[in-house]
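Trainee:
Number of protein chains: 2
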Amino acid sequence: MRAALYQAAGDVTVGDVPDAALAEPTDAVVRVLRSCICGSDLWSYRGVINRPAGSRLGHEFIGVVEEIGAAVTTLRAGDLVVAPFQWSDNTCPACRDGVQTRCDNGGTFGAPGTDGGQGEAVRVPQADGTLVVVPGGPDGVDEKLYPALLALSDVAGTGLHGAVLAGVAEGATVAVIGDGAVGLCAVLGARQVLGAERVVLMSRHDDRAALGRAFGATDVVAERGEAGIEAVRELTGGRGVRHVVEAVGTPEAWDMALGMARVGGTIGAVGVPHTTPQLGLFPPFRQHLTISLGVAPVRRYLPDLIDRVLAGSLDPGPVFDLELPLEQVADGYAAMSERRSIKTMLAG
Amino acid sequence: MRAALYQAAGDVTVGDVPDAALAEPTDAVVRVLRSCICGSDLWSYRGVINRPAGSRLGHEFIGVVEEIGAAVTTLRAGDLVVAPFQWSDNTCPACRDGVQTRCDNGGTFGAPGTDGGQGEAVRVPQADGTLVVVPGGPDGVDEKLYPALLALSDVAGTGLHGAVLAGVAEGATVAVIGDGAVGLCAVLGARQVLGAERVVLMSRHDDRAALGRAFGATDVVAERGEAGIEAVRELTGGRGVRHVVEAVGTPEAWDMALGMARVGGTIGAVGVPHTTPQLGLFPPFRQHLTISLGVAPVRRYLPDLIDRVLAGSLDPGPVFDLELPLEQVADGYAAMSERRSIKTMLAG
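For the protein sequence lines, the chains are A and B, in the order given.
Taking my numbering, the leading residue of the first sequence gets 1, the next gets one more, and so forth.
Taking my numbering, the leading residue of the second sequence gets 1001, the next gets one more, and so forth.
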């Protein structure tokens, strides 16, 4: 089968790889309908982190179950499914706590020895715990919903998780730091899932700001650093915001989050702290903050979010502003790396 | 009147100071019945932080209202009152959010220009918002309850707040780092106010461990560092604890807190991070932690805790293991600094 392959920084190709096949009785094989490129895929593409030459890529996909292992009980061949970006058994203590991204038997698609999402098919470990069936199946679900369903495999759930960690509830005022797909989905989740009343999006890109407004941002602040903090404080009567979603992970983004959080406020952080910022504890202590962090357990949110998408009440699909066939995946990486695309969907 | 005075590191005296007197219409003057020495008073006593020579000391006291300003409406001369260690108007946005320790009109007793608690009387600013009346008054409340009521002015509420920040609820398993008065009161609050089922106290001092057990600790771990983390993990099926109270504030205590918290767990931190530990964000991100910090808004808890003390269902009084007359305050500082006393109460 065909699949995207990482060759070197700036060099992604499509090549022939062994067909996805069952290895464990708890596996399923899923034929990919749509996959996409993640902001985190760009770390190796930009040479920020190392990745072995020839390794598989991608961890977000929707597809149709082709084959199931002997121990799989909740899936059938032909089911339309959404895969979260990590597999999990959904039964271990961490999963039962809703932290499927720390499953005792979990892992990430595209890691060495596994299939990546950017390919024609994927062996899915822990299939019962991982895959969530979309009612209606491939014949009953309009293809127009595929982008929205695909977004649920990572960014929609990750953005929502940021807002959940930030304690967002009905009527809340929220600031979102980061106008990538995750930040934009945090706006969407805060407003349309959790019922926030006011969402301030930090964005200096017109196209992203426009999508943020379409997703429900009530205010957009283009300034960064101290000026950005001041602008958010001005919007909130000088006191800052009660709920901040940090969807970047850099020290600069953390400084902004800490600076704009109101006394007693909460920062929900889903931006992987790759440059491992060091947080001096005195400022958040003085500000009485709650800081909640983690790689979003997207699996937790899938059943609810799939229902919302099918009901037409939630549409994260517009985060995809470029669609390419799998064979042109290299163009997608280039477009996202050069910020010509917020998020690129791959078909076929 | 007589009051404790800081002279230099290791040198505390009692001297004559101007009588406490009304300055603002929102003030009250309180004659002190009991006051005490705080672990934080030791920072200057040990020369860790600077303090002006001749400055006043102490911020914890109970007493009787002697005089009220023209604008005070909720107090009368003769009322028995508990003062939290900071004054607050209890009406500003921060106070309404339950963060009275960030009151717009707040301040700390003993700061320059104010009376300290370790003296015969105190001018209390924002008296309506600050002081909480003890039903029954000085004639109706048994003097035996004074230690318990005095403990509410800081350590009992601070310990409880740590457990609240750590998300402790009915049936919870909790670890408490710190066996000073605050840590011991965190044990008490977690067990007897919030209903925790299991409380692990980190303590290597027999007297403190014994008091911890009396307050409800179900397990005591004497090891520190990695060995302490391992011991707590062993007690919790290898996964660590869901709720950790950090009541020290040093980098070593933070390392222990981070190491023993279960995936998805919460650290509630009331130990002022005086040496300003730097927290690398990747470990708590990977562990999906929530970290909640701040100087305890003791005022928030006073009405409930006073009721519990009067009802006989809560007794933090035993944190006081030494009682001295005010004139011997120097002996109290020495005893606490040399760890011969957990907490010293001053009378008269």
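Heads up, the beta-carbon is just placed ideally off N, CA and C, and yes, glycines get one too.
Would you verify that the beta carbon of A/R102 is, or is not, closer than 8 Å to some beta carbon of chain B?
Mentor: Yes, A/R102 counts as interfacial toward chain B.
Trainee: For B/H1161, go through chain A and note every residue whose CB falls closer than 8 Å to its CB, in chain order.
Mentor: Near B/H1161 there are no residues of chain A at all, since even the closest Cβ is about 10 Å away, more than 8 Å.
Trainee: Give me the Cα-Cα distance between B/L1324 and B/A1253, rounded to the nearest whole angstrom.
Mentor: Rounded to whole angstroms, B/L1324 to B/A1253 spans 31 Å at the Cα level.
Trainee: Quick check: what's the CA-CA separation for B/D1206 versus B/D1154?
Mentor: Near 24 Å, if we compare the C-alpha coordinates of B/D1154 and B/D1206.
Trainee: Can you check whether the C-beta of A/S40 is within less than 8 Å of a C-beta belonging to chain B?
Mentor: No, because no Cβ of chain B sits closer than 8 Å to the Cβ of A/S40.
Trainee: Can you list the beta strand (DSSP E) stretches of 3 or more residues lying completely in the segment 1097-1183 of chain B, in chain order?
Mentor: With a minimum length of 3 residues, the continuous beta strand (DSSP E) runs that stay inside the segment 1097-1183 of chain B are 1121-1124 and 1173-1177.
Trainee: Taking all protein chains shown into account, decide if A/P273 is buried (16 or more other Cβ within 10 angstroms of its Cβ) or exposed.
Mentor: The residue in question, A/P273, is buried, as its Cβ has 16 or more Cβ neighbours within 10 Å.
Trainee: With A/A28 and A/G69 assumed to form a contact (beta carbons below 8 Å), what rounded beta-carbon distance in angstroms separates them?
Mentor: Their Cβ separation, rounded to whole angstroms, is 7 Å, which keeps A/A28 and A/G69 in contact under 8 Å.
Trainee: Report the three-state DSSP secondary structure of A/R262 (helix, strand or coil).
Mentor: If DSSP states are grouped into helix, strand and coil, A/R262 belongs with the strands.
Trainee: For A/D139, count the other beta carbons within 10 Å of its own beta carbon; 16 or more makes it buried, fewer makes it exposed. Which is it?
Mentor: Exposed, since its Cβ has fewer than 16 Cβ neighbours within 10 Å.
Trainee: Helix, strand or coil: which one does DSSP assign to A/S292?
Mentor: Looking at A/S292 - three-state DSSP - the assignment turns out to be strand.
Trainee: Is it buried or exposed for A/A23, if we count other Cβ within 10 angstroms and need 16 for buried?
Mentor: Exposed, since its Cβ has fewer than 16 Cβ neighbours within 10 Å.
Trainee: Consider the Cβ of B/V1099: report whether some Cβ of chain A lies at a distance smaller than 8 Å.
Mentor: Taking Cβ atoms only, chain A reaches closer than 8 Å to B/V1099, which makes this a yes.
Trainee: For chain B, find out if any of its Cβ atoms is closer than 8 Å to the Cβ of A/D273; answer yes or no.
Mentor: First, the residue type needs correcting, since residue 273 of chain A is Pro and not Asp in the sequence shown. Interface residue, yes.
Trainee: With a cut-off of 8 Å, does the C-beta of B/T1073 fall near any C-beta of chain A?
Mentor: So no, B/T1073 is outside the interface.
Trainee: What residue from A/L201, A/G171, A/R233 and A/S55 has the CA that sits closest to A/C185's CA?
Mentor: The shortest Cα separation from A/C185 among A/L201, A/G171, A/R233 and A/S55 belongs to A/L201.
Trainee: Assuming B/R1188 and B/I1062 make a contact with CB atoms under 8 Å, what is their CB distance in whole Å?
Mentor: Here residue 1188 of chain B turns out to be Leu, not Arg, going by the sequence shown. At roughly 18 Å, the Cβ-Cβ gap does not stay under 8 Å, so B/L1188 and B/I1062 are not in contact.
Trainee: So, using beta-carbon positions, are B/T1073 and B/D1128 closer together than 8 Å?
Mentor: Cβ distance < 8 Å, so B/T1073 and B/D1128 count as in contact.
Trainee: List the residues of chain B that A/L131 touches, going by C-beta distances under 7 Å, in chain order.
Mentor: Ordered by position in chain B, no residue passes the 7 Å Cβ test against A/L131, which lies about 22 Å from the chain.
Trainee: Under 7 Å between beta-carbons, which chain B residues line up against A/P135? List them in chain order, please.
Mentor: Under the 7 Å cutoff, chain B gives no residues; its nearest Cβ is about 30 Å from A/P135.
Trainee: If contact means a Cβ-Cβ distance below 7 Å, which residues of the segment 1279-1300 of chain B contact chain A?
Mentor: Cβ contacts with chain A: L1279, G1280, L1281, F1282, P1284, F1285, H1288, L1289, T1290, I1291, S1292, L1293 and G1294.
Trainee: Could you tell me which uninterrupted alpha helix (DSSP H) segments, each at least 4 residues in length, are contained entirely in the segment 1195-1257 of chain B, listed from first to last along the chain?
Mentor: Qualifying alpha helix (DSSP H) stretches, in chain order: 1206-1215 and 1225-1235.
Trainee: Out of A/V319, A/K144, A/G225 and A/M336, which has the shortest C-alpha to C-alpha gap to A/L42?
Mentor: When each option's Cα is compared against that of A/L42, the closest is A/M336.
Trainee: Per DSSP, B/T1344 is paired with what?
Mentor: Note: B/T1344 sits in a beta bridge opposite B/L1322.
Trainee: Report the three-state DSSP secondary structure of B/I1306 (helix, strand or coil).
Mentor: Three-state result, B/I1306: helix.
Trainee: What are the residues of the segment 1246-1266 of chain B that lie near chain A, defined by any Cβ-Cβ distance shorter than 7 Å?
Mentor: Answer set for the segment 1246-1266 of chain B: V1263 and G1264.
Trainee: Please list the terminal residues of the continuous alpha helix (DSSP H) segment that includes A/A334.
Mentor: That run of the alpha helix (DSSP H) goes V329 to S337.
Trainee: Taking the straight line between their C-alpha atoms, what separation do you get for B/A1330 and B/D1011?
Mentor: Going by the C-alpha atoms only, they are around 7 Å apart.
Trainee: Give the list of continuous alpha helix (DSSP H) stretches no shorter than 4 residues that lie fully inside the segment 1036-1063 of chain B.
Mentor: DSSP runs (the alpha helix (DSSP H)) wholly in the segment 1036-1063 of chain B: 1041-1045.
Trainee: Residues in the same chain with beta-carbon distance under 6 Å from B/Q1007, minus the five sequence neighbours each way, listed in chain order, please.
Mentor: If we look at B/Q1007 and ignore the five residues flanking it on each side, its Cβ neighbours are T1013 and A1053.
Trainee: Could you give the first and the last residue of the continuous alpha helix (DSSP H) run that contains B/R1286?
Mentor: B/R1286 -> alpha helix (DSSP H) spans F1282 to R1286.
Trainee: Establish whether the CB of A/R233 and some CB of chain B are separated by less than 8 Å.
Mentor: No, its Cβ sits nowhere closer than 8 Å to a Cβ of chain B.
Trainee: Is B/R1204 close to chain A? Criterion is C-beta to C-beta, closer than 8 Å.
Mentor: False, the Cβ-Cβ gap to chain A never drops below 8 Å.
Trainee: Measuring only between beta-carbons, confirm whether A/A94 sits less than 8 Å from chain B.
Mentor: It does: the Cβ of A/A94 has a partner Cβ on chain B nearer than 8 Å.
Trainee: Say whether chain B places a C-beta atom closer than 8 Å to the C-beta of A/A347.
Mentor: Chain B, which has no Cβ nearer than 8 Å to the Cβ of A/A347, makes this no.
Trainee: Using a cut-off of 8 Å between C-beta atoms, extract the partners of A/R76 located in chain B.
Mentor: Chain B residues near A/R76: none, gap ~32 Å exceeds 8 Å.
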